[in-house]
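Per this note's numbering: the sequence shown = residues 118 to 199.
Even for Gly, the Cβ is constructed at its ideal location relative to N, Cα and C.
Here's the structure we're looking at; comments come further down.
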Amino acid sequence: MEEELKVKDFESALKSLESIVAQLEAGDLTLDRSLELFEEGVKISRFCGAKLDEAERKVEVLTKTAEGTFKEQPFAEDGGEA
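This is the structure:
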């Protein structure tokens, strides 16, 4: 029986993943606990990847032209160059 993922949004998933990484890096866990955390981290990572893919598809839909083709537009990050 697969355990249901406890995170529901990208931001909380990312915080959970950061916490897991910190615990694993500390190195004071048992092997069994380390494996449990690693498995949970993999699930959360896949969840985050799926959310990012979903966001990318939404952006593509929003950038389609009226003719149904995509118009390339540079993505400028805050404080970065376009």
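Asked, Found
"Under a Cβ-count criterion, where at least 16 other Cβ atoms within 10 Å of its own Cβ denotes burial, should Lys132 be classed as buried or exposed?", "exposed"
"State the Cα-Cα distance for the pair Lys175 and Lys160, rounded to the nearest angstrom.", "23 Å"
"Do you know how far the Cα of Thr147 is from the Cα of Gly197?", "The predicted model places Gly197 with a pLDDT of 45, which falls under 50 and marks its position as unreliable; any figure quoted below should be read in that light. In a straight line, the C-alpha of Gly197 is about 43 Å away from that of Thr147."
"Thinking C-beta only, is Ile137 closer than 9 Å to Gly158?", "yes"
"Ala139: buried (16+ other C-beta within 10 angstroms of its C-beta) or exposed?", "exposed"
"Helix, strand or coil for Phe127? Go by DSSP, reduced to three states.", "helix"
"Assuming Leu134 contacts Ser162 under a Cβ cut-off of 8 Å, what Cβ separation, rounded to an integer in Å, is found between them?", "6 Å"
"For the segment 147-187, list the alpha helix (DSSP H) runs that are entirely contained and at least 4 residues long, ordered along the chain.", "148-179"
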